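Its first residue numbered 119, the sequence shown is counted upward by one per residue in our numbering. Glycine residues also receive a C-beta, built at the ideal position from the N, C-alpha and C atoms. Bear in mind that the values here come from a model prediction, so they are computed numbers and not experimental data. For reference, the structure discussed in these notes is given below.
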Amino acid sequence: MTNAFTKVTAIRGMNDALPGQSARWEQLESLVRDWLRAYGYRNMRTPILEHTRLFTRGIGEVTDIVEKEMYSFTDSLNSESLTMRPEFTAGIVRSCIENNLLYDRAQRVYAVGPVFRHERPQRGRYRQFHQIDVEALGMAGPDIDAEMIVMVARLWKLLGITDVRLELNSLGQANERAAHRAALINHLERHGDVLDDEAKRRMYTNPLRVLDTKNPAMQEMADAAPRLFDYLGEESRAHFDAVCARLDDAGIAYRLNPRMVRGLDYYNLTVFEWITDKLGAQATVCGGGRYDGLFELLGGKPAAAVGFAIGMERLIDLWEQYAPALIVPECDVYIVHQGEDAHRRSAMIAESLRDAGVSVVVHAGGGSFKSQFKRADASAASIAVILAGDELAAGSASVKMLRVADSSAQANQQMQVPLDNLVAFLKDRI
């Protein structure tokens, strides 16, 4: 009787990024770091695991994320309920409060990394996915709201993405939302016959979310519902108008979407989303807004805050519809060799090249020259160096140009180079 081991596969909705794919991720991450540095944002890293109560408090107990999607478990060592972060904002605010980061000045911070939600996997929606999360903490004016939107517009320009559109709304302040909430609940009660079970469940706990329905039978009712925008007071209107004026200054087009909501009391004033038609059902590629009430809700001193998040899988999916295919060489130089002396000398030459800033792969595993050259070509290296008996004895190596950037040079050109001059010769041609 044999004990056959069942092959282990990745968890559904948690995907590998293979070497060929991760090159695009690295390209995006590098671009994002430079983009955010241009606006003065600094990197912040928070734990993947947090106390569950941080998210039930910070995201809301009657949200889909908390009710259905969080990966939570009880730590068997101390019986604490822990959760793998479903988003970044709550953890960043927790860290700012705990480390008193706003003591002497406002902060511009960002985080990049994985987040976890137990959703039905589909294109653009995964159980482990990655976010670019950007937060401006301790700044209350409309100027920073607008700057964040302008920032995202610059990112689209850097990536060459054109088919995205900006939608805006204002959630006003708590007293304005309270007046709108009462009118909205009254409206929902009068249309109870068209509400589905989810809407009836949320009607009193989270009525704004009812308006975000995808149920076709409820669209007419949702369209006729009282608009929060119509309940804004003078100050909230002035804040929104100032945001729009700055977007006009920057030449950024936008559309007012009164149905755009967040549904939790600590969100206020500006909310925005960047939408595309190129990702199927997952149309939102970036979402953000102001959440001035979250610091106090999580036990800190009241503090202004605004931020946004971008799903990296969706962004890469969108970007690749515009960007040319990306081929990233494994190395600059691939060393082919025959014989033990040549192999040992290859290792020494490779270290000298690395000292000079050249990336090198020394062929491993033996094989004929033909099979080694096949592997060198597959590596996408620019140059192959050949070390073998007679040439090595004469103190030289053969250098073959596999790929050339200079139109005057000739691919597959091969020449003899003295070993003493090899490093300088190769460095000049990379």
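Assignment of residue 391 by DSSP, reduced to helix, strand and coil, places it in the strand class. The residue from 129, 212, 219, 228 with its alpha-carbon nearest to that of residue 160 is 228. Secondary structure at residue 168: strand, using DSSP grouped into helix, strand and coil. Here residue 248 is bridged, per DSSP, to 232.
Of the residues 464, 497, 486, 496, the one whose Cα lies closest to the Cα of residue 541 is 464.
In the structure shown, the three-state DSSP call for residue 534 is strand. With three or more CB-CB distances shorter than 8 angstroms, the stretch 265-284 counts as touching the stretch 386-394. Straight-line measurement puts the Cα of residue 137 at about 46 angstroms from the Cα of residue 315. Rounded to the nearest angstrom, the gap between the Cα atoms of residue 521 and residue 232 is 37 angstroms. Counting the other CB atoms within 10 Å of its CB gives residue 313 a total of 16 or more, which places it among the buried residues. In chain order, 298, 301, 302, 305 place their CB closer than 7 angstroms to the CB of residue 344, counting only its own chain and leaving out the 5 sequence neighbours on each side. Under the three-pair Cβ rule at 8 angstroms, the stretch 162-170 counts as touching the stretch 191-210. Contact between the stretch 435-455 and the stretch 142-151 is present, with at least three C-beta pairs closer than 8 angstroms. For the pair residue 431 and residue 149, the Cα-to-Cα distance works out to about 15 angstroms. According to the DSSP assignment, residue 518 belongs to the beta strand (DSSP E) that extends over 514-519. DSSP places residue 403 in the strand class (E or B) of the three-state scheme. Judged by beta-carbon spacing, residue 452 lies within the 8 angstroms limit of residue 502, meaning their Cβ atoms are closer than that value.
Residue environment: residue 294 is assigned as buried (16 or more neighbouring CB atoms within 10 Å of its CB, all protein chains considered). Per DSSP, the beta bridge partners of residue 374 are 286. Boundaries of the beta strand (DSSP E) harbouring residue 428: 423-429, taken from the DSSP string.
Judged by their CB atoms, residue 132 and residue 244 are nearer to each other than the 8 angstroms cut-off. The secondary-structure analysis by DSSP pairs residue 253 across a beta bridge with 227, 425. The alpha carbon of residue 495 has as its nearest neighbour, out of 379, 125, 454, the alpha carbon of 454. Residue 339 sits buried, since 16 or more C-beta atoms from the chains shown fall within 10 Å of its C-beta. Each residue's CA atom was taken as its position, placing residue 260 and residue 361 some 5 angstroms apart.
Residue 518 and residue 224 have their alpha carbons spaced roughly 56 angstroms apart. Contact between residue 264 and residue 365 is confirmed by a C-beta separation of about 6 angstroms, below the 8 angstroms threshold. Secondary structure of residue 291 (DSSP, three-state): coil.
Residue 210 is positioned such that its CB atom lies closer than 8 angstroms to that of residue 164. Going by C-alpha positions, residue 359 is about 38 angstroms away from residue 246. In the three-state reduction of the DSSP assignment, residue 161 falls in the strand class. Taking every protein chain shown into account, the CB of residue 531 has fewer than 16 other CB atoms within 10 angstroms, so this residue is exposed. Distance check between residue 384 and each of 457, 296, 461 places 296 closest, using alpha-carbon atoms only.
Straight-line measurement puts the Cα of residue 429 at about 6 angstroms from the Cα of residue 403. Under the three-state reduction of DSSP output, residue 328 falls in the helix class.
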